[in-house]
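In our numbering, the protein residues as written are 11 to 350.
Reviewing the structure listed below.
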């Protein structure tokens, strides 16, 4: 291939993707549905993602886990594993999650999650200290599950105990969590201060103000760092104007997705647009902006030994961009899957 005068970058890794191409994971959970989601995001340079299940019933969660098993068995291009965002969250910080499905983690839940991870590969779960114990977090981590804290009103001191137990990530920093205050640092303060924890950030200018992004990026550095997530819904790659989430209508308007009461309900942005935003609006140098969507999320997910960088022996996931950061090509596992 002739890519003269074009930029070749590591493929993007998006650790929070609820849907794409008209499909929301949860409404549909088959390997075909997962492929529709990964294909929609591949058009914008994302080469690996875990379809993310928003808080739902035990029956839907079980179907999602089975869909993940099928996707892994069929080697769906772009499939990294699964992200279970709930149902073990805080009612106080539920966001757009259906409160009737939020509940404490049971031994049965723990067994199902750990069993999936041991048998079927990568799994990330977002939990709140209000509904998950430190002992359960330790058991999850021991099984290889990546544990992220989110949708919680926990104090900074509580967060520290969960990091001690093995949690290593914070879900969509600033959103649906206890804020940084002068007397109580909250989850935000703990995440910015503690080098053990990585933090996902939605960079659409709607979920988090650009000035706040700048402050966070300056405050947070290695080993745990900030990385970009889209929190994308099924609107990506479509002209959908509205859709339903657990029976509630979500309205799409000017780059935002909201319930009727104004509550944000996921993202309406792809990863390439997120990179452009942090580069052109927030002022992050291009090389660093690209790493926020590749090498850093790979480290956060613990897959940096074979993903997230252009190195010998690494998986051949890469994206080709024009000088204006327009998409040209996406390659996944050494195969060209999208051409502009």
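Glycine included, each C-beta is placed from N, C-alpha and C at the ideal position.
Computed from a predicted model, the values in this text were never measured in an experiment.
- Nearest candidate by alpha-carbon position, reference residue 297, set 273, 216, 335: 335
- Message: Please report the straight-line C-alpha distance between residue 200 and residue 118, rounded to a whole angstrom.
- Response: 30 Å
- Item | Inter-residue spacing [alpha-carbon to alpha-carbon] between residue 9 and residue 21 | The chain is shown from 11 up to 350; residue 9 falls before or after that span and cannot be answered.
- Return the CA-CA distance between residue 215 and residue 221, expressed in angstroms with no decimal places. 10 Å
- Query: According to the Cβ coordinates, are residue 120 and residue 150 closer than 9 Å?
  - Reply: Yes, the pair counts as a contact, with Cβ atoms nearer than the cut-off.
- Query: Which runs of the beta strand (DSSP E) fall wholly inside the region 27 to 64 and span at least 3 residues, in chain order?
  - Reply: Runs of the beta strand (DSSP E) spanning 3 or more residues and lying entirely within the region 27 to 64 occur at 56 to 58, 62 to 64, in chain order.
- Task: Just mark residue 193 as buried or exposed, buried being the case when its beta carbon has 16 or more other beta carbons within 10 Å.
- Result: exposed
- Sort out for me which residues DSSP pairs residue 330 with in a bridge. 18, 339
- Message: Output needed for residue 96: all residues of its chain with C-beta closer than 6 Å, excluding positions within five of it in sequence on either side, in chain order.
- Response: 65, 107
- Item | Close-in-space but distant-in-sequence residues of the same chain around residue 235 (CB under 7 Å, 5 per side omitted) | Hits under 7 Å: 208, 306.
- Task: Work out the CA separation of residue 232 and residue 205 for me, nearest whole Å.
- Result: 6 Å
- Query: Assuming residue 240 and residue 281 make a contact with CB atoms under 8 Å, what is their CB distance in whole Å?
  - Reply: 6 Å
- Is it right to say residue 85 is buried, meaning 16 or more other beta carbons lie within 10 angstroms of its own, or is it exposed? exposed
- Message: Taking the alpha carbon of residue 346 as the reference point, which residue from 43, 39, 52 has its own alpha carbon closest?
- Response: 52
- Can you tell me whether residue 340 is buried or exposed, with buried defined as 16 or more other CB within 10 angstroms of its CB? Burial call: buried.
- Query: On the three-state DSSP scale, how would you describe residue 240?
  - Reply: Judged by DSSP in its simplified three-state form, residue 240 adopts coil rather than helix or strand.
- Message: Quick check on the burial criterion: 16 or more other C-beta atoms within 10 angstroms. Buried or exposed for residue 278?
- Response: In the assembly as shown, residue 278 is a buried residue. Its beta-carbon has 16 or more other beta-carbons within 10 Å.
- Task: Quick one: measure Cβ to Cβ for residue 198 and residue 238, integer angstroms, because I've assumed they're closer than 8 Å.
- Result: Their Cβ separation, rounded to whole angstroms, is 17 Å, which puts residue 198 and residue 238 out of contact at 8 Å.
- In chain order, each alpha helix (DSSP H) run of at least 4 residues that lies wholly inside the region 162 to 204: Counting only runs of 4 or more, we get 166 to 174, 196 to 203.
- Item | Assigned secondary structure, residue 140 (DSSP; H/G/I helix, E/B strand, else coil) | Residue state, collapsed to three classes: coil.
- Message: Going residue by residue through the region 55 to 119, where are the continuous beta strand (DSSP E) segments of at least 3 residues, counting only ones entirely within it?
- Response: Counting only runs of 3 or more, we get 56 to 58, 62 to 64, 92 to 95.
- Query: Would a C-beta distance cut-off of 9 Å place residue 320 and residue 41 closer than the cut-off?
  - Reply: no
- Limits of the unbroken beta strand (DSSP E) element including residue 275: Residue 275 -> beta strand (DSSP E) spans 274 to 277.
- Just curious, the beta strand (DSSP E) that residue 212 is in, first and last residue? 208 to 212
- Exposed or buried, what is residue 263 when buried is set at 16 or more other beta-carbons lying within 10 Å of its beta-carbon? exposed
- Can you tell me whether residue 252 is buried or exposed, with buried defined as 16 or more other CB within 10 angstroms of its CB? exposed
- Based on the DSSP output, what are the partners of residue 158 in its beta bridges? Residue 158 is bridged by DSSP to 136, 179.
- Message: Does residue 11 pass the burial test, meaning 16 or more other C-beta atoms within 10 Å, or should it be called exposed?
- Response: exposed
- Query: Cα-Cα, which of 29, 147, 55 is closest to residue 63?
  - Reply: 29
- Query: Does DSSP put residue 266 in a helix, in a strand, or in coil?
  - Reply: strand
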